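Undergrad:
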Amino acid sequence: MDFDWTDQETAFRDRLRALLADTLPDDWERFSQHGPASPALTRYAESFCGTLAEQGLLIPHWPVELGGQGLDPWHQTILAEEMWIAGEPRGGQYMNVNWIGPTLIRYGSSDQQARYLPPIAEGKALWCQGFSEPGSGSDLASLRTRAERDGDQYRVTGQKIWTSYAGLADTCFLVCRTSDDRKRGISILLVPMDTPGITVRQIPSLIGEGDIHEVFFDDVIVPVTARLGDEGQAWEIIGYSLTNERLGIPRYALARAALDRAVSILKAQDEFDGEAVKIEAAHCAALTEAARMASYAIVDRRAKGEAIGAESSSARFATVMAERRVCEFIVEYLPEALADAHPYLKMHHQRGIVAGIAAGAAEIQLNIIATDVLKLPREPR
Amino acid sequence: MDLSLTDDQVAILDAIDTLTRPYAGASLHEAGFALPDAQLDRDLAEGGFLDIGFDPDLGAVSAALVVERLARLPQTVEAAASALIRPLLGGDLPRPLCLVEEGRTTRPIRFLREGATVLLVGSSGVSTFTATAAQVRPEPEALYGYPMATLLTVPAERTLHAIPASEVLIRWRIALAAEAAGLLAAALDSTVAHVIDRQQFGRPLATFQALRHRLAQAQVRANGVRWLALKAAATLDPGDAALAALHAQESARATVYDFHQFFGAMGVTLEHPLHLWTYRLKALIGDLRGRGGQGLAAAAALWP
Ligand SMILES: Cc1cc2nc3c(=O)[nH]c(=O)nc-3n(C[C@H](O)[C@H](O)[C@H](O)COP(=O)(O)OP(=O)(O)OC[C@H]3O[C@@H](n4cnc5c(N)ncnc54)[C@H](O)[C@@H]3O)c2cc1C
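First to last, the sequence lines map onto chains A and B.
Take the position in the first sequence, starting the count at 1, then add 15; the result is the number in our numbering.
Take the position in the second sequence, starting the count at 1, then add 18; the result is the number in our numbering.
(1) Using the rule of at least 16 other Cβ atoms within 10 Å of the residue's Cβ for burial, across every protein chain shown, is Thr168/B buried or exposed?
(2) Mind checking whether Thr386/A and Val341/A have CB atoms under 8 Å apart?
(3) Between Asp215/B and ligand 1, is there a pair consisting of the residue's CB and a ligand heavy atom that are separated by less than 7 Å?
(4) What residues from chain B crowd round Ser153/A, counting only those whose CB sits closer than 8 Å?
(5) Anything in chain A within Cβ reach of Ile303/B, meaning under 7 Å, just list it in chain order.
(6) Examine ligand 1 and report whether any of its heavy atoms sits within less than 7 Å of the Cβ of Trp20/A.
(7) With DSSP as the reference, identify every bridge partner of Ser202/A, one or two as the case may be.
(8) Could you tell me which whole alpha helix (DSSP H) segments of length 4 or greater appear in the region 29 to 98 of chain A?
(9) Comparing the C-beta of Tyr275/B with each C-beta of chain A, is any distance below 8 Å?
(10) Does the beta carbon of Gly254/A fall short of 7 Å from some heavy atom of ligand 1?
(11) Exposed or buried, which one is Met336/A when buried takes at least 16 other CB atoms within 10 Å?
(12) Interface residues of chain A around Gln279/B at Cβ under 8 Å?
(13) Taking DSSP's pairing of strands, which residues face Asp35/B in a bridge?
(14) List the residues that DSSP assigns as beta-bridge partners of Phe232/A.
(15) For Val286/B, count the other beta carbons within 10 Å of its own beta carbon; 16 or more makes it buried, fewer makes it exposed. Which is it?
(16) Closer than 8 Å, CB to CB, is Pro114/B near chain A or not?
(17) Looking at Gly152/A and ligand 1, is the gap between the Cβ and the nearest heavy atom below 7 Å?
(18) Express the C-alpha separation of Val314/A and Thr92/A in angstroms, rounding to a whole number.
(19) Below 8 Å, how does it come out for the region 271 to 287 of chain B and the region 204 to 219 of chain B: are there three or more Cβ pairs, yes or no?
(20) The alpha helix (DSSP H) spanning Ser328/A covers which residue range?
(21) Can at least three beta-carbon pairs, one atom from the region 359 to 372 of chain A and one from the region 261 to 277 of chain A, be found at a separation below 8 Å?
(22) Counting C-beta neighbours from all protein chains within 10 Å, is the total for Lys249/B 16 or more, i.e. buried, or is it exposed?
(23) Report buried or exposed for Phe51/B, applying the criterion of at least 16 other Cβ atoms within 10 angstroms of its Cβ.
(24) Is the distance from the Cβ of Ala262/B to the Cβ of Ala195/B below 8 Å?
(25) Taking one C-beta from the region 165 to 177 of chain A and one from the region 142 to 154 of chain A each time, how about it: are there three or more such pairs within less than 8 Å?
(26) Give the DSSP-derived three-state secondary structure of His179/B in the structure shown.
(27) Taking Pro18/B as the query, report the chain A residues whose CB atoms sit under 7 Å from its CB, ordered along the chain.
(28) Based on DSSP bridge pairs, tell me the residues matched to Glu103/A.
(29) Are Leu56/A and His49/A touching if we call contact CB-CB under 8 Å?
(30) Of the residues Arg131/B, Glu64/B and Ala252/B, which one's Cα is nearest the Cα of Ala152/B?
(31) Say yes only if the C-beta of Ser179/A is nearer than 7 Å to one or more non-hydrogen atoms of ligand 1, and no if none qualify.
(32) Compare the Cα-Cα distances from Leu170/B to each of Ile188/B, Gly220/B and Val118/B and report the closest residue.
(33) Flag Ser147/A as yes when its Cβ comes closer than 7 Å to any non-hydrogen atom of ligand 1, and as no otherwise.
(34) Leaving out the 5 sequence neighbours to the left and right, which residues in its chain are closer than 6 Å to Arg128/B when beta-carbon positions are compared?
(35) Measuring CB atoms only, is the region 97 to 108 of chain A touching the region 61 to 74 of chain A, in the sense that at least three cross pairs come out at less than 8 Å?
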């Protein structure tokens, strides 16, 4: 075993840090309190992602023939860590490069790839993901938004909720029902958000302006050619996408950075003094590092081309535990961070508190660990 | 021992329920993080509910009951310090009463605004002053369920009170625990209603044992905090007060995550009132140096 980074990986991280230092505006920490889905950050992300694209740092992990450099999952992880630690200046575009693009590369038609991949690679696209519905959160397979086939088009009717980025997105990765079969009746449509019949309403939220929305589909006409994969193939495709997304956000890295920042502030204020605060900080660090290693173990296997299963749920829950404890540490020992005193820590709090919900609730991850890792028999239904 | 409410206490709580009933249905849409209510504040003050602690026959237990009951409302009013600590200071100090610990004056302070009474407590004793606009920076963007402000300077000129700091700290801890008890109860009620109502996988969330046990534990915690707060209010003993506050802060920490978790994404909207209770609990967690502070105080009192 070797726990060190290679020289090439270290150089890659240094290059990213230098670029961030050169590119981000002086008031970035305050600015980044706007959530990744806020209009302000979305606008900034357009120029930032353009810069990344010019430097070959937007999609370095994509295949060479699609404009990437074929860098391995370790580099992808380093990229994701540095961006997330910096407050995710790519805004919603992190989703494009992490999983929308790779999903299109794997399942998209050549027309779809030609239409959607270049704008992603140039940093000019913004997608939203239409999965959750008012009646279908954890139980995604119960979704009811309907796509009725009518010749060479679909007529889509229904409602999505909690949709990040919907207010400004150009395209929706829409999961909808094409037949009554619970899982095999679900299909994916790639729908331009300016299609007539789509209405977006912002939901006021604790985590800031512009983050979550309701999206209403009222007789929206979508050509059959906009379907990703086959009719009924959505469940398989989503499985692929979500594995990418769940690992996509290295939350442990920001949690650790926020913890380190909090401790340095407490030290400067002579408040890192008692045993209680030190021991609690150490617990937090243990959790962030346990989550980091659980994630790295998966990256390692991905880098070696091995298939990843339920272990990603274990890594994900480890980050939920870490995020929770770090958020609580800061609330308890540095409460002014949630006022105006330390924008970086407030930014972390706003992103950290949804760790157990966004991209699938933590209890569902626990069910997966129990069933698929521990092989426990299921609860009787 | 007799753990029933007295007739007077029953009457007081009934009167509070009657007075606050019209407020329960207030529109929460776009309420923001805090929902202060000046009219409710006036109604309570005029009704004498915040002065109950001045009456020796009613005393701190009745004051704590009032604080606990008011904390269940979606609206917030500065009741805890006024009801439990003002009687110690005597006289007619203007409300709200804002508590500040020496050495921690940079913390955001609940209800602080121009004209508020600021009570500073620490090794140099107990003193108060009336905040001026120049001393206060409002924190409208703070992620807490109370109106918050930062104290920019502490004036040298303050009214000294000839009471030991330890007395104030005892009552601060009781006030904190009583308020937390009400907040915990309200957040729990709200979460319970949600998991009964919300269905996933063809059944109410409430039928998943993973959630049931955690909610049942929250009930045990909320109940424990309430009893420790009331007992401490009765004994005014430093150990009892520290235990009550310790249990309150630990319980707030342990349950706030779960309450939000069980709401799913609904728990991050401002359209549901949950945050009005949980983001107040978050503000109480750091008081008086958090659990570490209460733990040390409790140990010192219990095993000197
Ligand atoms: C910030 C944010 C951004 C989001 N962005 C998007 C987006 O862009 N697109 C999108 O489609 N969705 C998005 N979501 C929605 C997210 O995917 C859902 O919130 C998540 O899947 C959970 O669904 P729910 O909110 O309906 O909670 P519910 O499914 O109602 O769950 C509530 C609670 O019940 C628990 N529970 C449910 N079933 C079980 C069970 N079988 N056993 C034990 N416990 C259970 C859950 O774990 C949770 O604690 C976002 C959410 C957030 C918070």
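Backbone N, C-alpha and C fix where the C-beta goes; we use that ideal spot for every residue, glycine too.
As the structure is a computational prediction, the values presented were derived from the model and not from experiment.
TA: Quick answer:
(1) buried
(2) no
(3) no
(4) Gln218, Phe219 and Gly282
(5) Val346 and Glu347
(6) no
(7) Cys191/A
(8) 43 to 46 and 54 to 69
(9) yes
(10) no
(11) buried
(12) Gly371, Ile372, Ala376, Ala377 and Glu378
(13) Asp35/B pairs with nothing; no bridge assigned.
(14) Gly173/A and Ile213/A
(15) buried
(16) no
(17) yes
(18) 8 Å
(19) yes
(20) Glu326 to Tyr348
(21) yes
(22) buried
(23) buried
(24) yes
(25) yes
(26) strand
(27) Limits of chain B in this structure are 19 at one end and 322 at the other, which puts residue 18/B out of reach.
(28) DSSP lists no partner for Glu103/A.
(29) yes
(30) Arg131/B
(31) yes
(32) Val118/B
(33) yes
(34) Tyr164
(35) yes
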